[in-house]
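Only one structure is covered here, and it is reproduced in the block below.
Protein chains: 2
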Amino acid sequence: MAKKPVKLDDVAKEAGVSKTTVSRVLNHRGYLSDETIAKVEQAMEKLNYRPNAIARQLYKQETKLVGLIFPTIDDPFFGQLESALENELYRRGYKVLMGNSQNNPEKERSFLRQLLNRQVDGLIVGAHNQAISEYQRTNLPIISIEQIVSRNVPVVASDNYNGGLLATQRLLDDGCQHIIHTNYPEDIPTPNHERRLAYEDLLRKHGQTPITYHISFDDPVEKKRQIIRQIFEDHPEVDGIFADNDTNAGLIMNIAGEFKRLIPEDLRVVGYDGANATRILLPQLTTIQQPINQMAAVAVEMLQSRINGEKVTSRMLPVKLLDGGTA
Amino acid sequence: MAKKPVKLDDVAKEAGVSKTTVSRVLNHRGYLSDETIAKVEQAMEKLNYRPNAIARQLYKQETKLVGLIFPTIDDPFFGQLESALENELYRRGYKVLMGNSQNNPEKERSFLRQLLNRQVDGLIVGAHNQAISEYQRTNLPIISIEQIVSRNVPVVASDNYNGGLLATQRLLDDGCQHIIHTNYPEDIPTPNHERRLAYEDLLRKHGQTPITYHISFDDPVEKKRQIIRQIFEDHPEVDGIFADNDTNAGLIMNIAGEFKRLIPEDLRVVGYDGANATRILLPQLTTIQQPINQMAAVAVEMLQSRINGEKVTSRMLPVKLLDGGTA
DNA sequence: TTCTTTGTGTCAACCGGTTGACACAAAAAC
DNA sequence: GTTTTTGTGTCAACCGGTTGACACAAAGAA
């Protein structure tokens, strides 16, 4: 039952030529007579020959594989991002090795270590874990998205500071007097953190006191809901919320209902991300839209350059405010 | 600049032993003295040695990679499904090669052809394209999810017929007189199609005329919206809709607003899937929940069995109705 | 003392492709 | 009629690990 797979040699024997000739037919190189090509192709067809990709990779020293390391894929933002990355990479002949770190440093490290063993030609990462030393001492081409990984890894990010300004300004323009912000609980300078800085800077300039609640990206939903309820309990006067992502904005809108707040009459909400899936399910949400597909395209382009041995520098892309009805 | 990567031989030389010994240290096999082990490990550390995974794969004839072929990953259902699959596979020591067919048969075929070249140890597929002959003539272990691929590929599906019954029954119990269904436009017997059959059977049993509108999964959103508007225009009397997925249910709820229908007073809606992301953004939606994580676990378990050379048979998992407020 | 057994490590073949070097015949140039 | 060019194909080394077969020394058994 377990018949051995057909190999190059078998085809060569069947066609009455040498391995080299078959390989040449396969790769269209060197001089071949039409007659020989036909013979070889018939033999391949007859034996249903499939070349062993691993053997080729070993010799060529390239796998045409790119690893993606992100926290999860079950999320509107990351789903769209990885989907766009896969598309761009496929166009350039790369396939994708996907690793979800789940914000588990152990898993991320183990994953990384394996990919570093010449399993991939490059890496695009956006996982939240810092300080994984493996990122430093490798010369595998790496690009990071919306995340600072290491000094020598170029970053693709959207203009988070301006996004924070746009969102906060909109709430101010709406006349909100008590604007609260939710953000990811980190004091380290991630791009996301810029959103908070913009919010705080602008709010202070307008004489309001910034208040930021921390919601971990990977907390279970129920915990997120708890924190949001806490906002309404601690600050019943709140009349504007700038959420650091659309999922949280969605939760806020639901819980506002629990507290009998009408949106946008009693409470205005601005989200962040503007991913496809949330645009479809929550079209009424006003949000800051990141150019997700463009970020993917740029990241892949940069990675390709690095694989080609060129130097690249970090890039920042513009965001825009998308009008729904919630602010 | 382009310093050659360190190889097994270099480590052997550094430690003053043979390749075999280093390989043994690496794989913990055979008799080794503590002294030798220490010497070798020091040498590996000093040279920052990383074993070449490709070379190992070539000899071992296994890659510890599993390919996933699905229409897209930018979708609540598929996002959660692939996320769960990745998790389960990782637990068993497999990494994931992701391919989004985008319902592009060309891409799916090309992808498949490449993976078949001994790039992966197995495949889990849920792409919508039928009749890709490559699926037939390979003896690579394959499991399919919610999709019929080929006679010899076992399927993991949820109980779609019962899901259709539950949804339709709920609308009937609510007293709906004019129930419409949306489904994917295929006449071939996919598991999804069972939802429609259940709807039609049950509706006829209650003396109502089944009406099904077709919405392609991969249509652009605007087209989907058009079709839904058409429903309200063609059938202003509609008072219940059973959507074949939650995204469509979300669109229906939005467009119901355009037509001044209140939910659930004027119109009741039942969705399908109950994925995490939609549960968070649309908690008010009544829907049929597929056991997505469990389906992933079962699929991986089945795949592992097939890789081990055991026979497996298709499995069907139960669904349940989740109460929101829309029906 | 001689014959196992156990510990330690080396040799060389192997996995399945790719390719530079080279052989040889036929056609073209001198 | 040589010499050069062009077309066609083969040989053998190589990519970087893994492992069965085997050599040899030291310890234990007969």
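From first to last, the protein sequence lines are chains V and X.
For the first sequence, my numbering assigns the number 38 to the initial residue and increments by one for each residue that follows.
For the second sequence, my numbering assigns the number 38 to the initial residue and increments by one for each residue that follows.
Just so you know, even glycine gets a beta-carbon here, dropped at the ideal spot from N, CA and C.
Uninterrupted beta strand (DSSP E) stretches at least 3 residues long and entirely within the stretch 59-113 of chain V occur at 102-107, given in chain order. Listed in chain order, the non-local C-beta contacts of glycine 201/X below 6 Å within the same chain comprise Arg232, Ala235 and Tyr236, local neighbours out to five positions each way being set aside. Distances from the CA of arginine 305/X to each of Ile180/X, Ile225/X and Gln214/X were compared; the closest alpha carbon is that of Gln214/X. Per the coordinates, the alpha-carbon of valine 356/X lies some 45 Å from the alpha-carbon of leucine 84/V.
In the three-state DSSP reduction, glutamine 326/X falls in the strand class (E or B).
Asparagine 330/V has its alpha-carbon roughly 24 Å from the corresponding atom of glycine 163/X. Between the beta-carbon of serine 120/V and that of proline 328/V there is about 15 Å, and that puts the pair past the 8 Å contact cut. Considered as a whole, the stretch 216-268 of chain X harbours 216-220 and 248-251 as its complete beta strand (DSSP E) runs of no fewer than 3 residues, in chain order. Counting only Cβ-Cβ distances below 9 Å, isoleucine 325/X has no contacts in chain V at all, with the closest Cβ about 17 Å away.
With a cut-off of 8 Å on Cβ pairs, the stretch 306-318 of chain V is in contact with the stretch 282-295 of chain V, counting three or more such pairs. By the neighbour-count definition (other C-beta atoms within 10 Å, threshold 16), aspartate 310/V is a buried residue. For proline 257/X and phenylalanine 296/X, the gap between their C-alpha atoms comes out near 21 Å. Residues of chain V whose Cβ lies closer than 7 Å to the Cβ of threonine 109/X are, in chain order, Ser120. Within the same chain, Leu84 and Tyr86 come within 6 Å of valine 43/X by CB-CB distance, once the 5 residues on both sides are set aside.
With a cutoff of 9 Å on beta-carbon distance, glutamine 321/V and glycine 361/V are scored as near each other.
The residues Leu45, in chain order, have a CB closer than 8 Å to that of serine 60/V in the same chain once the five nearest residues on each side in sequence are set aside.
Glycine 104/X is classed as buried because its beta carbon has at least 16 other beta carbons within 10 Å across all chains shown. Arginine 305/V is bridged by DSSP to Gly277/V. With 16 or more other Cβ atoms from the protein chains shown falling within 10 Å of its own Cβ, glycine 277/X counts as buried. Look at the stretch 256-267 of chain X: the residues with a C-beta under 8 Å from a C-beta of chain V are Val258.
In the DSSP annotation of this structure, the continuous segment of the beta strand (DSSP E) that includes asparagine 137/X starts and ends at 132-137.
Per the DSSP secondary-structure output, lysine 357/V pairs in a beta bridge with Gln326/V. Assigned with DSSP and collapsed to three states, serine 147/X falls in helix.
If the five residues before and after valine 335/X are omitted, its C-beta is found closer than 8 Å to the C-beta atoms of Val193, Arg352 and Leu354, all from its own chain and listed in chain order. For isoleucine 289/V, the uninterrupted alpha helix (DSSP H) segment begins and ends at 283-295.
Cα atoms of isoleucine 106/V and isoleucine 106/X: separation of roughly 19 Å, rounded to the nearest angstrom. In this structure, glutamate 171/V sits away from arginine 207/V, with a CB-CB distance that is not shorter than 9 Å. Across the structure, serine 138/V and asparagine 291/V are spaced so that their CA atoms are roughly 29 Å apart. If you ignore the 5 residues before and after leucine 153/X, its C-beta comes within less than 7 Å of the C-beta of Glu171, Thr175 and Leu177, all in its own chain and listed in chain order.
The beta-carbon separation of aspartate 158/V and leucine 102/V, rounded to 6 Å, stays under the 8 Å limit for a contact. At the C-beta level, glycine 308/X and threonine 323/X come within 9 Å of one another.
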